[in-house]
Amino acid sequence: MTFMTNLTLRQKMYTIDFSRPKETNEALLDFFMEVQKIKGHETDFYYKIMNKIVIGNSKFVDFKTVQLAKSIEQEIIRSA
12 MTFMTNLTLR QKMYTIDFSR PKETNEALLD FFMEVQKIKG HETDFYYKIM NKIVIGNSKF
72 VDFKTVQLAK SIEQEIIRSA
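The sequence shown begins at 12 in my numbering and counts up one residue at a time.
In structure tokens form, the structure reads like this:
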């Protein structure tokens, strides 16, 4: 079973594919760096998330981090 989804932020798409953890974690890092630029505040919160992704060493994709990314994506879409 493969879980695949896309995150969209500022007309850029980030592909989340649990069968490709290295690429997905790089996409998540890019996504959270962009979110940090958009939201500005809570920088420590996003830094901790990005640090957790880096420490994971690209060997797995954390489902909770993906869920958080999806909820942040929806929050940004609603506020736009």
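Where a beta carbon is used, it is the ideal one built from N, C-alpha and C, also for glycine.
Which residue comes first and which comes last in the alpha helix (DSSP H) that contains residue 75?
Translated into positions along the sequence shown, residue 75 becomes position 64. 74-90 is the span of the alpha helix (DSSP H), which, as asked, contains residue 75.
Does the beta-carbon distance from residue 29 to residue 42 come in below 7 Å?
By one-based count along the sequence shown, residue 29 stands at place 18. By one-based count along the sequence shown, residue 42 stands at place 31. In this structure, residue 42 does not lie closer than 7 Å to residue 29 by Cβ.
State the DSSP-derived secondary structure class of residue 50, mapped to helix, strand or coil.
Looking up residue 50 in the sequence shown gives position 39. Under the three-state reduction of DSSP, residue 50 is assigned to helix.
Among 83, 65, 20, 21, which residue has its Cα nearest to the Cα of residue 53?
As a first step, residue 53 must be located in the sequence shown, where it is residue number 42. For the residues 83, 65, 20, 21, the minimum Cα distance to residue 53 belongs to 83.
Residue 23: first and last residue of the uninterrupted beta strand (DSSP E) it sits in:
The count along the sequence shown starts at 1 and reaches residue 23 at position 12. First-last of the beta strand (DSSP E) with residue 23: 23-28.
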